[in-house]
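2 protein chains.
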Amino acid sequence: MPLSPELTASITDAVAKNFDKELAFIQKVIQYGGQRGEEAAIQDEIYSQYTSRGYATTKLNMDPDALSEQPGAGKVSAKHSKAPVVVGVLEAKSSTSGGKSLILNGHIDVVPTGPEELWTHHPYSGIVEGDWLYGRGGADMRAGNVANMFALDALRSIGKRPASKVIIESVPEEESTGNGTMATHIAGYTADAVLIPEPTNEQLVRANVGVIWFQIAVAGRPVHVLKATEGSNAIESIWKIIGGLKELEKEMNEQKKGRLHFEELDHPINLNVAMIEGGDWASSVPAWCKIDCRVALFPGVRAEDVAAQIEQAIQKVATTDSFLRDAPPKITWNGFFAEGYVLEPGSQAEDVLKAAHKQATDSDLQSITMPAYLDTRIFSLFQKIPALCYGPIGESLHGFDERVSVISIQRVTTAIALFIAEWCGLEDYDATTT
Amino acid sequence: MPLSPELTASITDAVAKNFDKELAFIQKVIQYGGQRGEEAAIQDEIYSQYTSRGYATTKLNMDPDALSEQPGAGKVSAKHSKAPVVVGVLEAKSSTSGGKSLILNGHIDVVPTGPEELWTHHPYSGIVEGDWLYGRGGADMRAGNVANMFALDALRSIGKRPASKVIIESVPEEESTGNGTMATHIAGYTADAVLIPEPTNEQLVRANVGVIWFQIAVAGRPVHVLKATEGSNAIESIWKIIGGLKELEKEMNEQKKGRLHFEELDHPINLNVAMIEGGDWASSVPAWCKIDCRVALFPGVRAEDVAAQIEQAIQKVATTDSFLRDAPPKITWNGFFAEGYVLEPGSQAEDVLKAAHKQATDSDLQSITMPAYLDTRIFSLFQKIPALCYGPIGESLHGFDERVSVISIQRVTTAIALFIAEWCGLEDYDATTT
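As structure tokens, this is what we get:
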């Protein structure tokens, strides 16, 4: 049953009236900064925000042992964050409304800023210029993380609350392993649907790739550069291996043919040679080199199978090289080890989001294929619930001058509030319960 | 006038009798270790060894300002050593002998060890197995540095000393800039000839390349890897530039044609891509990458001219790349900026060394072309004196399990002692002068 025009207008107004406060809090959250492993302070802030709103709030640890036994968990390396996952639960008083339970999930972790001098403002400035709010992690996805909270606030400000259980989650490790959301899954948090407001440009993610991270290390045969032709240059060996991986990338992209949601994309599978380090001395042939890579995989393809293909591609290069044959490259899986997902069309959750989006934006909801990792996959693959990834307009994600559209944050907050109202149903807010 | 057979035998015996002590001291010097910038402790030890022998001993600083005005000096970077140069002077009492003055020079600095687990013993073990003495810097060239001192000791032990001035120098920075020896040149130390016992396998260096060090840094256009094809991957940009440099290397090697001492070498000019670093995050297209390189140049070719060729090669690549065109690579000259040299045959100094070598080894002195940097070039190019580079048999220089032949150290110490006796002449040692 669609929301009444009066209720829709009332919720829309409530988001608008509170939006200055929402924007200011997003700016504050951006200004916290915090790279991988440094999210404890901002998670404490989120914890205190949840508790002050009366949510039953818990901190979860990402337990390496539990994760190691969990299919689809990312690989825990030394760089893995130890920051807590924060989960707030808002139970309904009435259980007779017919509403459905919901998870609102958002990640709090951000990727590195890169050289600061290439930013127009400080990477964690949170400055607003025109319609753009600038800062690392603003778009991806602290704005969405905060929007979840302020969507619930809007309902409360009109004297309402969800008539079904809502679980709100702020997670680390979405940019590296997915283990923050995986910890909520291991802890048993589930619902009838999940919404994650990643910066999807107000579109719904229909299909999403999986992602694998890996590191390759090779040793060289170091000699004085005066005998360079007798040595084995580890940096040049790594480049041969990259050549083999690029061939694999090409083969993987050829498999887009006939694949729904992906065939029309130009280059859905990106292999990213992302980090490199090697050598100690300009006049010595380098004795070691290592690279960190990321590759995508089509939904329905298992991470284990792509990992095996990667191993084979590297081995193929190694067997053609007189040095690598005897000193095989070492492969470490050090992050994402994740399969992708497809959101089956026609779910009731999607219909409710379509209506909410239409009301908030006066336009029809479009679907997209996302060639990047999303935590939504955990709910789709392991909880088999409708997993909706839908959020604000952003630009330069992972790049310099990352930014998110301010008006889009407001529209998305409105859409989330309308979605909650319709999906969960509403009941009167009773101040005595907090 | 050749040394008498009796004096030759007496000097040879003196080296042999003292050789256990010499070997033990070389082991001690290897065990000091000390990477670039960490040579102060070992130089203090050398200083105390020189003073205990009665040499008038001085510590020199490598002054960046003076170096910056000195043609042929290496470029001073943040990694430049601040360790002192140690110079000992042994003046002759008699100036009537007709002997000639001499510099005995040796570098004390060593190159990095690389991963320690690839060494059979600890890199600074100083272990002797069979005829091999193991350790980083043993061959290159702490054995030679110490041999200079023990050659003089051998003369003293038979009651003799050089009848002309001998300057003994222990220098840092030979592996990176040449600025240790350059500091002695700036300070005005010179002589009628110089001998440097680098590990030349008991051969005389006839011709030697120059060396340039440089770093290239590029910025990328970072984006989320989901838009990898729109980004500019700094690591891949660097690789394009390496391709351009490899072409330059090929062109430079083609110029060996008709070039005395180099035409017969297979690949005299090596461009070494030695160190690489770039990128911050596996799922971001890397925004930066830098490489450190070393390239050789034929003697007679100016470092400035090769630097200009390198700049042109990089610029040529940059103009073909849509991103690098707007974000040109940054080149830093951060070490050697040195021309090579040729030792003109027929000098009296070479004749004296030939005789000394024959006496010490019972074989004829062979000449070699050395495709690596040598401090000898400073004496050859800027002091125009016969510059003899001749030292023991070594293996795996700059590599794992670097080693030097023990019997060869003894032979070379003998040859140096005989060379001093003949070149400088001898006078009776008078204990009251120390």
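Read top to bottom, the protein sequences are chains A and B.
The first sequence begins at 1 in UniProt numbering and counts up by one.
The second sequence begins at 1 in UniProt numbering and counts up by one.
We put the beta carbon where it would ideally sit given N, CA and C, even for glycine.
For clarity, every value in this text was computed on a predicted model and none was experimentally measured.
Self-check item: Rounded Cβ spacing between histidine 107(B) and glutamate 174(B) (contact assumed at less than 8 Å)
Solution: In the second sequence, residue 107(B) corresponds to position 107, counting from 1. In the second sequence, residue 174(B) corresponds to position 174, counting from 1. Their Cβ separation, rounded to whole angstroms, is 3 Å, which keeps histidine 107(B) and glutamate 174(B) in contact under 8 Å.
Practice problem: Only counting runs of 3 or more residues, tell me where the beta strand (DSSP E) segments fall wholly within the segment 353 to 385 of chain A, in order along the chain. | Solution: 367 to 370
Practice problem: Can you tell me which of the three DSSP states arginine 142(A) falls into? | Solution: Here residue 142(A) corresponds to residue number 142 of the first sequence, with the count starting at 1. Arginine 142(A) falls in the helix class under three-state DSSP.
Quiz item: Is phenylalanine 19(A) helix, strand or coil by DSSP?
Solution: The residue you call residue 19(A) lines up with position 19 of the first sequence. Looking at phenylalanine 19(A) - three-state DSSP - the assignment turns out to be helix.
Quiz item: When DSSP labels each residue in this structure, what does phenylalanine 214(A) get in the three-state scheme?
Solution: The count along the first sequence starts at 1 and reaches residue 214(A) at position 214. Of the three classes helix, strand and coil, the one that applies to phenylalanine 214(A) here is strand, per DSSP.
Quiz item: Under three-state DSSP, which class holds threonine 433(B)?
Solution: Taking the first residue of the second sequence as 1, we reach residue 433(B) at position 433. Caution is warranted here: a pLDDT of 47 is assigned to threonine 433(B), below 50, making its placement in the model unreliable, and the coordinate value is therefore given only provisionally. It is helical.
Quiz item: In whole angstroms, what separates the C-alpha of alanine 155(A) from that of aspartate 13(A)?
Solution: In the first sequence, the residue the question calls residue 155(A) occupies position 155. In the first sequence, the residue the question calls residue 13(A) occupies position 13. A small fix is needed here, since residue 155(A) is leucine in this sequence, not alanine. Answer to the nearest angstrom: the Cα atoms are 10 Å apart.
Quiz prompt | Nearest-angstrom Cβ-Cβ length linking glutamine 43(A) and histidine 185(A), presumed shorter than 8 Å | solution = Here residue 43(A) refers to the residue found at position 43 of the first sequence. Here residue 185(A) refers to the residue found at position 185 of the first sequence. 18 Å between Cβ atoms; not a contact.
Practice problem: Can you check DSSP and say which residues form a bridge with tryptophan 239(A)? | Solution: By one-based count along the first sequence, residue 239(A) stands at place 239. Answer by DSSP bridge pairing: none, since tryptophan 239(A) is not bridged.
Practice problem: Label threonine 319(A) either buried or exposed according to how many other C-beta atoms from any shown protein chain fall within 10 Å of its C-beta, with 16 as the threshold for buried. | Solution: Along the first sequence, one-based indexing puts residue 319(A) at 319. That one is exposed.
Quiz prompt | CB contact check: residue 436(B) to chain A, cutoff 8 Å | solution = Residue 436(B) lies beyond the range of chain B shown here (1 to 434); nothing can be said about it.
Quiz item: What residues from chain B crowd round serine 283(A), counting only those whose CB sits closer than 9 Å?
Solution: The residue given as residue 283(A) occupies position 283 in the first sequence. Per Cβ cutoff of 9 Å: Val111, Glu175, Ser176, Val211, Trp213, Asn272, Ala274, Arg294, Gly335, Phe336, Ala372, Tyr373, His398.
Self-check item: Contact the segment 199 to 217 of chain B vs the segment 384 to 401 of chain B: 3+ CB pairs below 8 Å
Solution: yes
Practice problem: Please report the residue range of the beta strand (DSSP E) in which methionine 275(A) lies. | Solution: The sequence position of residue 275(A) within the first sequence is 275, counting from 1. Unbroken beta strand (DSSP E) run through methionine 275(A): 271 to 278.
Self-check item: Local conformation of glycine 180(B) per DSSP, three classes
Solution: Numbered from its first residue, the second sequence carries residue 180(B) at position 180. Here glycine 180(B) sits in helix by DSSP.
Practice problem: Can you give me the start and stop residues for the alpha helix (DSSP H) that alanine 313(B) sits inside? | Solution: Start at 1 with the first residue of the second sequence, and residue 313(B) comes out as number 313. Segment 303 to 319, the alpha helix (DSSP H) holding alanine 313(B).
Self-check item: Straight-line gap, proline 84(A) to isoleucine 331(A) (C-alpha atoms, nearest Å)
Solution: The sequence position of residue 84(A) within the first sequence is 84, counting from 1. The sequence position of residue 331(A) within the first sequence is 331, counting from 1. Looking at the two C-alpha atoms, the distance is approximately 29 Å.
Self-check item: Proximity test, Cβ basis, 8 Å: alanine 9(A) and chain B
Solution: Counted from its first residue, the first sequence places residue 9(A) at position 9. Chain B contact via Cβ: absent.
Self-check item: Cβ contact (3+ pairs, closer than 8 Å) linking the segment 97 to 117 of chain B and the segment 128 to 146 of chain B
Solution: yes
Practice problem: Could you tell me which residues DSSP puts in a beta bridge with proline 162(A)? | Solution: For the purposes of this step, residue 162(A) is taken as residue 162 along the first sequence, with counting starting at 1. In the DSSP output, where bridge partners are listed per residue, proline 162(A) has Leu426(A).
Practice problem: Quick one: residues in its chain with C-beta nearer than 8 Å to the C-beta of cysteine 293(B), no 5 flanking neighbours on either side, listed in chain order? | Solution: Taking the second sequence and counting its residues from 1, one reaches residue 293(B) at position 293. These residues qualify, in order along the chain: Trp213, Phe214, Gln215, Ile216, Leu245, Leu271, Asn272, Val273, Ala274.
Quiz item: Quick one: does cysteine 389(A) have its CB under 8 Å from some CB of chain B?
Solution: Mapped onto the first sequence, residue 389(A) falls at position 389. Answer no: the Cβ-Cβ gap between cysteine 389(A) and chain B never drops below 8 Å.
Exercise. Measure the CB-CB distance between aspartate 131(A) and serine 405(A) and report whether it falls below 8 Å.
Key: In the first sequence, counting from the first residue as 1, residue 131(A) sits at position 131. In the first sequence, counting from the first residue as 1, residue 405(A) sits at position 405. Yes, Cβ-Cβ distance for aspartate 131(A) and serine 405(A) is below 8 Å.
Quiz prompt | Where aspartate 428(A) falls, given that 16 or more other Cβ within 10 Å makes a residue buried | solution = Here residue 428(A) corresponds to residue number 428 of the first sequence, with the count starting at 1. The residue in question, aspartate 428(A), is exposed, as its Cβ has fewer than 16 Cβ neighbours within 10 Å.
Quiz item: Taking Cβ-Cβ distances shorter than 7 Å, what residues in chain B pair up with tryptophan 239(A)?
Solution: The residue you call residue 239(A) lines up with position 239 of the first sequence. Neighbours of tryptophan 239(A) on chain B, chain order: Trp239.
Quiz item: Buried or exposed: alanine 73(B), going by 16 or more other Cβ atoms within 10 Å of its Cβ?
Solution: Mapped onto the second sequence, residue 73(B) falls at position 73. That one is buried.
Practice problem: Would you identify the three-state DSSP class for arginine 36(B), choosing helix, strand or coil? | Solution: Counting from one through the second sequence, the residue named residue 36(B) turns up at place 36. The answer is coil: DSSP assigns arginine 36(B) none of H, G, I, E or B.
Quiz prompt | Inter-residue CB distance, leucine 343(A) and serine 380(A) (contact presumed, cutoff 8 Å) | solution = Looking up residue 343(A) in the first sequence gives position 343. Looking up residue 380(A) in the first sequence gives position 380. With a Cβ gap of about 7 Å, leucine 343(A) and serine 380(A) count as contacting.
Quiz item: To the nearest whole angstrom, what separates the beta carbons of leucine 426(A) and arginine 161(A), a pair I think is in contact under 8 Å?
Solution: Within the first sequence, residue 426(A) is the residue found at index 426, counting from 1. Within the first sequence, residue 161(A) is the residue found at index 161, counting from 1. Confirmed, about 7 Å.
Practice problem: Leaving aside the five residues before and after alanine 431(A) along the sequence, list all residues of the same chain whose C-beta is less than 6 Å from its C-beta, in chain order. | Solution: Stepping through the first sequence from its first residue, residue 431(A) is reached at position 431. Because the pLDDT of alanine 431(A) is 49, which lies under 50, any placement of that residue in the model is unreliable, and the number read from its coordinates should be weighed accordingly. Contacts found: none.
Quiz prompt | Cα-Cα separation between valine 352(A) and glutamine 410(A), rounded to whole angstroms | solution = Taking the first sequence and counting its residues from 1, the one referred to as residue 352(A) is at position 352. Taking the first sequence and counting its residues from 1, the one referred to as residue 410(A) is at position 410. In a straight line, the C-alpha of valine 352(A) is about 19 Å away from that of glutamine 410(A).
Self-check item: DSSP three-state assignment for leucine 133(B), whether helix, strand or coil
Solution: For the purposes of this step, residue 133(B) is taken as residue 133 along the second sequence, with counting starting at 1. Three-state DSSP puts leucine 133(B) in a strand.
Quiz item: Is the segment 58 to 76 of chain A in contact with the segment 139 to 148 of chain A, if contact means three or more CB pairs nearer than 8 Å?
Solution: no
Quiz item: Less than 8 Å separating the beta-carbons of leucine 104(A) and leucine 418(A)?
Solution: For the purposes of this step, residue 104(A) is taken as the residue at position 104 of the first sequence. For the purposes of this step, residue 418(A) is taken as the residue at position 418 of the first sequence. No, the Cβ-Cβ distance between leucine 104(A) and leucine 418(A) is not below 8 Å.
Exercise. Compare the Cα-Cα distances from alanine 313(B) to each of Thr51(B), Ala421(B), Tyr50(B), Pro329(B) and report the closest residue.
Key: By 1-based counting over the second sequence, the position of residue 313(B) is 313. Nearest C-alpha to alanine 313(B): Pro329(B).
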